[in-house]
Amino acid sequence: QVQLVETGGGSVQAGGSLRLSCVGSGTILSDKTMCWFRQAPGKPRELVALISSSGNTDYADSVKGRYTNTRDNAKNTAYLQMNSLKTGDTGVYYCHAGARLISYWGQGTQVTVSD
Numbered sequence: 119q120v121q122l123v124e125t126g127g128g129s130v131q132a133g134g135s136l137r138l139s140c141v142g143s144g145t146i147l148s149d150k151t152m153c154w155f156r157q158a159p160g161k162p163r164e165l166v167a168l169i170s171s172s173g174n175t176d177y178a179d180s181v182k183g184r185y186t187n188t189r190d191n192a193k194n195t196a197y198l199q200m201n202s203l204k205t206g207d208t209g210v211y212y213c214h215a216g217a218r219l220i221s222y223w224g225q226g227t228q229v230t231v232s233d
């Protein structure tokens with residue numbers, strides 16, 4: 119059974135930092151593009167960061183310069199380092215692993231940023 123498990127969410131004050139982790143089991147993540155999505159209350163899920171299997175990264179304009187997406191293939195894990203957090207970053211963060219017809223989602227982890 120394939121599972122992606124996100125950890126590292128929590129509550130933080132604006133300007134603070136959090137690091138999310140996404141650990142895979144039942145599948146190898148190194149050959150997949152790893153993405154992080156965010157869903158704020160009442161809003162659609164949006165892509166905030168991705169890292170390809172070759173290590174290329176891309177970010178939503180709203181998080182560029184503040185978020186860093188990395189991966190550790192030896193640990194079958196992807197990370198999202200979030201710095202200078204803003205209240206607008208609040209939401210449930212989901213990791214996703216994809217390749218061709220393969221699509222796996224994690225269960226999500228809540229990030230709450232307060233003033």
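Counting from 119, one number per residue, gives the positions in the sequence shown under the working numbering. Glycine included, every Cβ here is placed at the ideal spot set by N, Cα and C.
query	result
Nearest to residue 150 by alpha carbon, out of 139, 222 and 227?	222
Taking its Cβ as the centre, do 16 or more other Cβ atoms sit within 10 Å of residue 132, making it buried, or is it exposed?	exposed
In chain order, what residues of the same chain have a beta carbon less than 7 Å from the beta carbon of residue 204, not counting five sequence neighbours either side?	132 and 231
As a quick exercise: from 191, 140, 139 and 163, pick the residue whose alpha carbon is nearest that of residue 178.	163
Which full runs of the beta strand (DSSP E) of 3+ residues lie inside the region 127 to 163, going along the chain?	128 to 131, 136 to 143 and 151 to 157
Looking at the structure shown, is residue 207 part of a helix, part of a strand, or coil, going by DSSP?	helix
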